[in-house]
Amino acid sequence: MTESFISKSIKRNEDPRLLTGKSTFIDDINLPGMLHVAIKRSDYAHGRILSLDTSEAKKLPGVVAVYTAEDLGDYWHPGPLQVPPPTAIKGSVFYARPLECIAKDKVRYSGEPVAVVVAESRYIAEDALDYIYLDVEMLDYVGDLEKALEPGSALVHEDLESNLAADVVQEAGSWDKAVAEADHVIKKRLVVNRVAGAAIENRGIVAQWDDNMKILNCWATTQGPIPMRNSIAKYLGLLENQIRMMNPAIGGGFGPKIMSSQIDDVIVPWIAIKLGQPIKWFEDRRENFLGTTSERDQVHYSEIAVKNDGTVLGVKDVFYHNTGAYNPYGMTVPLNTQTHTVSNYNIPNFFTEIKMVFTNQMVVTPVRGAGRPQGVFVMERLMDAAAKRLGISPVEIRRKNVLQPEAFPFHTGIIGQDFVEGILDSGNYPAALEKTLEAIEYDKFKNEIQPKLRADGKHSGIGVILFTEGTAVGPYEGAKVMVGVSGKVNVVCAYSNQGQGHYTTFAQVAASQLGVKVTDVNVVIGDSGQWQWGVGAFASRGMTLVGTAIHQASVKVREKALNLASKLLNAPVEELELNDGVVRIADIPEQFISLGDLAMKANPTRGTVEEGMEPGLEAASYYGPPHGATGFGCLGMILDVDAETAMPKIARLVITDDCGTPVNPMIVDGQIHGGLQMGIGEAFFENLVYDEYGQMVTASFMDYLFPQASDMPDKFEVKHMVTPSPLNPLGIKGVGEAGAIGVPACYMQALEDALYEHDLDIRESSINPSKLFHYVKNAKSA
Amino acid sequence: MADKVNVKITVNGKLYEREVEPRLLLSDFIRHDLGLTGTHVGCEHGLCGACTVLMNGESVRSCILFTVMADGAEIRTVESLGTMDNMHPLQEAFQEKHALQCGFCTPGILMTAVEFLDGNPNPTAEEAREAIDGNFCRCTGYENIVEAVQLAAKKMAAH
Amino acid sequence: MKPAPFDYFAPTSVEEAVDRLAELGYSGKVLAGGQSLIPAMNFRMARPAALVDLNKIEELAYIRPTDDGGLAIGTMTRDSVVEDSDLVKQRFPIVAEVMPNIAHKQIRNRGTFGGAIAHADPAAQIPALTLLLDAKLKIISKKGERWVDAPDFFMGPFMTVLEPEDLLAEVLLPGLQPGTGSSYKQVSRQKGGYAQAAAITKVVMDGIKVKDVRVVLFSVGETAILTQEPARVLTGQVPTSEAIEAVAAYVAMNECDPGSDIHGTTEYRRNLVHVLVRRSLNEAIERAKK
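Chains as they are written, first to last, in the numbering used here: chain D, 2 to 783; chain H, 666 to 824; chain A, 17 to 306.
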């Protein structure tokens with residue numbers, strides 16, 4: 002047996018270079034003659050451009066060029082849409098308004114690019130921004146999701162009749178039937194706040210035109226190197242392979258780095274060719290807040306229909322989804338909300354409607370969680386409301402309605418971000434609930450600990466919620482695996498790595514087939530010069546899709562190696578063993594050949610070969626699932642609240658997660674930790690806020706509260722279950738977003754329990770002490 | 666344009682004498698003038714801590730110091746710790762505890778930890794957590810970093 | 017986020033510094049630790065034409081004991097030095113208690129005691145300490161030297177009596193009465209972040225009665241606030257919990273003026289003042305009794 006490295010917590014291959022400062026991040030790239038870009042951004046949220054004067058800026062010593070939309074001539078055009086809308090949903094409407102890389106006639110959000118300065122240094126480029134004068138005719142700011150759709154609202158896109166960007170209705174079963182049969186119908190208006198991806202590294206791109214070879218070398222922090230490359234090719238009229246797109250080390254992604262066809266990748270390569278000099282743009286933190294996409298921001302009108310015995314008959318959810326000034330990312334986020342609203346429970350009747358709204362705010366695209374937290378928040382808040390109405394415990398109503406293990410594969414009847422019906426592939430949701438309850442000692446807390454605390458005047462509450470994580474959606478990913486003449490293995494793919502550990506986990510998959518050490522597998526991620534087929538890092542899909550492709554390719558390479566060794570060693574394949582980088586005859590271990598020698602022999606340089614022969618110990622493979630694999634879990638939290646100051650502190654946080662086969666359990670835990678941190682941030686600290694004029698008031702870390710070490714509980718108590726996905730050979734599901742999904746819902750349940758005497762009804766996904774204080778005050782006066 | 670200023674700054678034991686603009690941030694000097702790109706920049710307003718280096722043995726945020734303010738100082742960056750083949754015990758501990766994911770914030774955290782462990786060779790988890798409180802990390806949730814700092818203390822004591 | 021250009025001067029003596037400041041007038045600005053100024057410059061919200069950097073003036077960094085049991089602290093003394101100073105811990109334990117709440121270690125390693133006073137951020141701890149401790153502030157200019165009492169120093173948010181040619185040189189903290197108890201209470205969204213409200217208290221007891229009491233608030237008005245009601249009501253009295261509660265309620269309603277922002281409403285922050293003044297008074301009294 003070849004040693005398997007699957008499900009082993011192996012130290013990461015990439016760590017030594019990261020820990021010693023030897024990894025090359027985008028801003029570490031310095032090329033001879035390189036010029037620097039700074040972007041002039043609109044200070045106005047909404048206005049018609051009257052004039053844009055760059056003449057003074059051009060005169061500044063050290064400034065090489067300044068470009069506006071006008072200077073781009075025919076090169077300027079909006080788009081393309083990065084994600085098309087689904088066509089499978091009958092009756093849906095979608096008004097495509099892709100990004101304008103640089104504003105031409107109108108500015109539609111504060112922070113929108115209006116001009117680009119190229120200078121000898123970033124310092125000088127920023128100096129020049131002060132000498133660019135933008136004059137606009139101010140238009141009314143559109144910021145309120147509901148008012149934006151009222152007649153008479155100013156229009157973000159004046160060629161449209163309203164600010165409605167899309168309207169999608171999906172219904173499984175019949176909500177009317179649920180209402181007719183229900184004993185109670187409970188309605189809630191729920192608000193979900195807006196958060197930033199806030200990777201510690203901002204975005205960036207470097208472009209260098211090689212005029213001899215007619216090749217554009219590009220380095221970018223993109224999560225989707227191939228789509229970005231293709232977008233650039235289309236803009237510039239080049240062949241794809243004239244652009245070598247490379248991912249340097251990337252300092253976190255969390256969603257927003259997926260975007261392409263923006264100011265940076267449209268303009269920087271164009272300038273590099275025009276000026277014949279390498280160009281760098283590295284976003285600063287202020288720009289990241291103003292001009293990089295972010296997410297959440299929905300308003301839900303939700304209803305739940307229940308029977309007296311706690312049986313949920315149906316859910317209705319009509320929600321407004323802010324897409325910002327444009328909708329380049331299609332329907333991904335709100336479709337995820339739709340598919341994640343009912344996914345843990347058996348809800349026979351479900352009506353859901355998206356009203357996507359244009360506003361004068363930054364564009365909304367996925368941030369870790371990507372629509373899922375909203376759906377889970379709505380569902381879990383409805384469950385809590387129903388439990389309260391019926392006088393049963395939050396746990397009891399969940400036990401009663403949770404999907405049972407025999408229900409899988411479960412057809413939801415709701416089409417998701419991959420444009421096919423959501424099918425929950427496998428799982429055991431009740432077990433996750435029970436495991437969490439046991440770990441957090443729910444009954445003991447409710448029956449023994451909490452009553453004592455309450456008797457002492459202390460406020461401590463518990464919350465338990467369920468979540469699913471739709472992961473690993475198509476369309477596809479691919480990879481190529483090659484054994485080198487040194488015996489080391491090279492794996493190449495066009496995915497993108499922002500810290501997920503792929504340099505190790507992908508190596509584990511290949512090493513498990515090829516009998517080499519994990520450290521002897523070199524993984525190349527995101528270099529279109531080496532491999533050019535793939536889609537990108539989103540939707541927790543890397544390990545499942547690329548991992549499966551690598552597995553399949555490795556199996557092929559293994560077969561090739563064994564077949565060749567069989568000939569050379571003159572022994573049948575069944576009698577061969579592949580381990581420690583050599584193929585041996587199992588019973589005659591002194592007869593062997595190394596993988597490196599096999600690789601050499603697999604590439605004959607003289608003589609003839611058999612018909613159909615493919616040289617080298619190399620194979621490529623692609624994997625595209627019929628639908629996504631769905632991870633799931635349960636979250637439990639105990640929250641202590643200082644009732645006088647309204648300051649909460651998380652006393653315990655337990656998560657049970659099932660992501661199928663964990664390729665590297667250590668890394669799985671790391672993903673969950675990071676997700677939980679973002680969830681805690683979202684529930685209590687982080688908030689992107691625009692004022693009444695459309696100015697972002699949280700455009701720095703002074704106002705946007707980034708969760709710190711002291712904001713976390715002492716321990717993330719992570720429990721695991723493993724229900725392998727039947728969809729792929731390794732049984733993998735994604736895990737990248739798991740931790741982030743359930744925290745707001747759990748937090749609010751725990752808060753309400755802590756401040757039980759006020760019978761609070763928390764209707765928003767993000768709270769702060771001041772808001773909590775006012776909830777209590779309003780409850781007292783009610 | 667303001668006159669350039671002559672500075673003498675020792676970085677990782679090597680003395681550099683350079684003419685710099687007064688406004689040049691120390692982070693840019695280290696990264697771009699000296700090419701020591703292990704120190705990273707995340708916010709340029711002194712909140713995220715990615716740019717943390719040691720100045721005369723004390724942790725500082727190099728993005729909110731002008732290079733001229735470091736004239737005559739000794740700076741230490743992540744490049745002064747171990748090498749890929751021979752990592753510092755602190756770096757080993759970070760790898761063993763999976764205390765980094767994207768690794769972008771890590772050099773700043775390592776330098777913060779160097780100063781901290783210098784003054785507190787046997788920290789509790791609570792102390793270690795407080796020590797890294799001024800360094801943002803988006804990936805890890807911090808728990809493994811806390812454990813790594815404690816593990817590093819044990820490793821360093823054994824050295 | 018790169019700062020705009022500026023002229024730079026790095027005097028090595030106070031004399032040289034005040035000469036330079038006099039020459040520069042309104043175009044000059046003092047650079048102390050720079051931990052507030054440089055971020056503002058990186059955002060280009062501050063654009064001084066010239067900076068006079070005090071970091072090379074060694075004579076401005078010291079902590080010296082004074083004969084009355086107090087301390088003289090040089091303006092360029094780093095926050096972390098104050099925080100770790102045994103002299104400070106012995107003579108002003110409240111200062112040592114407050115200091116770790118200022119931002120994070122990396123900031124305190126560079127930020128200076130005097131710089132924070134001259135910056136006069138209404139949400140900053142050190143200006144509030146000067147009000148609590150009756151600090152006297154030594155100001156030097158080319159014209160000479162003068163002393164200003166802390167309450168007369170602060171004019172408004174980020175505004176002080178300092179003229180462009182002035183240099184804040186020393187902070188003199190008179191010795192505390194024996195038996196002083198003190199307490200610091202703050203609520204901030206995050207550790208090291210700005211307080212939403214904070215109260216610092218010092219108390220001297222005479223048996224079971226209050227001999228002397230002072231409560232300073234910050235982050236809830238245009239400057240740090242030296243409250244009047246606690247001393248007016250509690251001096252010479254037994255500090256019953258009812259009396260403390262009434263004082264705290266009064267201070268919250270009448271002696272502060274907190275603003276409203278995305279992190280907290282005026283009403284919430286008045287509530288915090290109420291709670292924190294009470295807690296701070298109670299703790300200070302307990303400590304004074306020991």
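Positions of the beta carbon are idealized from the N, C-alpha and C atoms, including for glycine.
message = Could you check whether the region 335-342 of chain D touches the region 641-655 of chain D, counting it as contact only if at least three pairs of C-beta atoms, one from each stretch, sit closer than 8 Å?
response = no
task = Taking only beta carbons into account, state which residues of the region 284-296 of chain D come closer than 8 Å to chain A, listed in chain order.
result = 285, 286 and 287
message = Am I right that residue 445/D and residue 165/D are in contact with their C-beta atoms under 8 Å? What's the rounded C-beta distance?
response = Numbered from 1 along the first sequence, position 444 holds the residue referred to as residue 445/D. Numbered from 1 along the first sequence, position 164 holds the residue referred to as residue 165/D. That belief does not hold up - the Cβ atoms of residue 445/D and residue 165/D are roughly 51 Å apart, past 8 Å.
task = Determine the contact status of residue 624/D and residue 505/D, defining contact as a CB-CB distance below 7 Å.
result = The residue given as residue 624/D occupies position 623 in the first sequence. The residue given as residue 505/D occupies position 504 in the first sequence. No, the pair does not count as a contact, with Cβ atoms beyond the cut-off.
task = Go to residue 494/D, then tell me how far its beta strand (DSSP E) extends in each direction, as first and last residue.
result = The sequence position of residue 494/D within the first sequence is 493, counting from 1. Looking at the DSSP string, the run of the beta strand (DSSP E) that includes residue 494/D is 490-494.
request  = Examine chain D for any beta-carbon lying closer than 7 Å to the beta-carbon of residue 281/A, and answer yes or no.
outcome  = Position 265 of the third sequence, counted from the first residue, corresponds to residue 281/A. Yes, because at least one Cβ of chain D sits closer than 7 Å to the Cβ of residue 281/A.
ask   = CB residue 798/H to CB residue 711/D, shorter than 7 Å?
value = Along the second sequence, one-based indexing puts residue 798/H at 133. Along the first sequence, one-based indexing puts residue 711/D at 710. Yes. Within cutoff.
key: Contact with chain H by residue 42/A, beta-carbon distance below 7 Å   = For this step, residue 42/A is matched to residue 26 along the third sequence. It does not: the Cβ of residue 42/A has no partner Cβ on chain H nearer than 7 Å.
request  = Return the CA-CA distance between residue 55/D and residue 66/D, expressed in angstroms with no decimal places.
outcome  = Start at 1 with the first residue of the first sequence, and residue 55/D comes out as number 54. Start at 1 with the first residue of the first sequence, and residue 66/D comes out as number 65. When rounded, the distance between both Cα atoms is 10 Å.
task = Under 8 Å by Cβ, that's how I've got residue 566/D and residue 589/D pegged, so tell me the actual separation to the nearest angstrom.
result = Walking along the first sequence from the start, residue 566/D turns up at place 565. Walking along the first sequence from the start, residue 589/D turns up at place 588. Wrong, their Cβ atoms sit about 13 Å apart, outside the cutoff.
inquiry  = Is there a Cβ of chain D sitting closer than 7 Å to that of residue 616/H, yes or no?
reply    = There is simply no residue 616/H to check, as chain H begins at 666 and stops at 824 in what is shown.
task = Note down, in chain order, every chain D residue with its Cβ under 9 Å from the Cβ of residue 703/H.
result = What you label residue 703/H is simply residue 38 of the second sequence in a count that begins at 1. Those within 9 Å of residue 703/H in chain D are 21, 22, 23, 24 and 29.
key: Cβ neighbours of residue 733/H in the same chain (closer than 7 Å, five flanking residues each side left out)   = Position 68 of the second sequence, counted from the first residue, corresponds to residue 733/H. Excluding sequence neighbours, residue 733/H sits near 670, 672, 685 and 687.
request  = Mind listing, in chain order, the continuous beta strand (DSSP E) runs of no fewer than 3 residues lying wholly within the region 99-160 of chain A?
outcome  = 152-157
query = Around the C-beta of residue 175/A, are 16 or more other C-beta atoms found within 10 angstroms, so that it is buried, or is it exposed?
reply = Here the question's residue 175/A lines up with position 159 in the third sequence. With fewer than 16 other Cβ atoms within 10 Å, it is exposed.
task = Please name the residue, chosen from 304/A, 238/A and 234/A, that lies closest to residue 290/A on a Cα-to-Cα basis.
result = Translated into the one-based positions of the third sequence, residue 290/A becomes position 274. Residue 234/A is the option with its Cα nearest to residue 290/A.
inquiry  = If you reduce the DSSP assignment to three classes, tell me which class residue 581/D lands in.
reply    = The residue you call residue 581/D lines up with position 580 of the first sequence. In this structure, residue 581/D counts as coil in the three-state DSSP scheme.
task = Please list the partners that residue 17/A has in chain D, where partner means a Cβ-to-Cβ separation under 9 Å.
result = Taking the third sequence and counting its residues from 1, one reaches residue 17/A at position 1. Under the 9 Å cutoff, chain D gives 127, 285, 286, 287 and 288.
inquiry  = For residue 541/D and residue 735/D, which I take to be in contact (beta-carbon distance under 8 Å), what is that distance rounded to the nearest angstrom?
reply    = Along the first sequence, read from residue 1 onward, the residue named residue 541/D stands at position 540. Along the first sequence, read from residue 1 onward, the residue named residue 735/D stands at position 734. Correct: roughly 3 Å between the Cβ atoms.
request  = Kindly indicate which residue of 484/D, 521/D, 107/D and 500/D has the alpha-carbon position closest to the one of residue 49/D.
outcome  = For this step, residue 49/D is matched to residue 48 along the first sequence. Nearest option by C-alpha distance: 107/D.
request  = Would you please verify whether the beta carbon of residue 12/D is less than 7 Å from any beta carbon of chain H?
outcome  = As a first step, residue 12/D is located in the first sequence; it is residue number 11 there, counting from the start. Taking Cβ atoms only, chain H reaches closer than 7 Å to residue 12/D, which makes this a yes.
Beta-carbon proximity list for residue 173/A, same chain, < 8 Å, skipping 5 on both sides = Counting from one through the third sequence, the residue named residue 173/A turns up at place 157. So the list reads 136, 137, 138, 238 and 239, once near-sequence residues are dropped.
task = Give a yes or no on whether 7 Å exceeds the smallest Cβ distance from residue 212/A to chain H.
result = Taking the first residue of the third sequence as position 1, residue 212/A is located at position 196. Cβ-Cβ to chain H under 7 Å: no for residue 212/A.
request  = Take the Cβ of residue 808/H as the centre, count every other Cβ of all protein chains shown within 10 Å, and call the residue buried at 16 or more, exposed below.
outcome  = Taking the second sequence and counting its residues from 1, the one referred to as residue 808/H is at position 143. Buried is the call here.
query = Does DSSP put residue 271/D in a helix, in a strand, or in coil?
reply = On the first sequence, position 270 is the one that residue 271/D refers to. Here residue 271/D sits in helix by DSSP.
message = Between residue 59/A and residue 287/D, how many whole angstroms is the CB-CB distance? I'm expecting something under 8 Å.
response = One-based indexing of the third sequence puts residue 59/A at position 43. One-based indexing of the first sequence puts residue 287/D at position 286. 7 Å between Cβ atoms; contact.
message = Counting only Cβ-Cβ distances shorter than 7 Å, please list the residues of the region 189-201 of chain D near chain A, keeping chain order.
response = none
query = In chain H, what lies closer than 9 Å to residue 18/D by C-beta?
reply = Mapped onto the first sequence, residue 18/D falls at position 17. Simply 749 and 768.
Contact set between the region 30-58 of chain A and chain H, restricted to residues whose Cβ is under 7 Å from the partner = 50, 51, 54, 55 and 58
task = On a CA-only basis, which of 183/D, 149/D, 193/D and 607/D is nearest residue 684/D? Give me that one, please.
result = Counting from one through the first sequence, the residue named residue 684/D turns up at place 683. Residue 684/D has its Cα closest to that of 193/D, out of 183/D, 149/D, 193/D and 607/D.
key: Local conformation of residue 689/H per DSSP, three classes   = For the purposes of this step, residue 689/H is taken as residue 24 along the second sequence, with counting starting at 1. Residue 689/H: coil per DSSP, three-state reduction.
key: Where the region 115-140 of chain A meets chain H: residues whose CB sits under 8 Å from a CB there   = 119, 120, 121, 122, 123, 125 and 126
query = Of the residues that make up the region 682-699 of chain D, which ones have a beta carbon closer than 8 Å to any beta carbon in chain A?
reply = 686, 688, 690, 698 and 699
inquiry  = Against chain H, with Cβ distances strictly below 7 Å, would residue 677/D count as a contact?
reply    = The residue given as residue 677/D occupies position 676 in the first sequence. Closer than 7 Å: yes.
request  = Would you identify the three-state DSSP class for residue 672/D, choosing helix, strand or coil?
outcome  = Your numbering for residue 672/D matches position 671 in the first sequence. It is helical.
Residue of 467/D, 701/D, 767/D and 526/D minimising C-alpha distance to residue 743/D = As a position in the first sequence, residue 743/D is number 742, starting the count at 1. Of the candidates 467/D, 701/D, 767/D and 526/D, the one whose C-alpha sits nearest the C-alpha of residue 743/D is 467/D.
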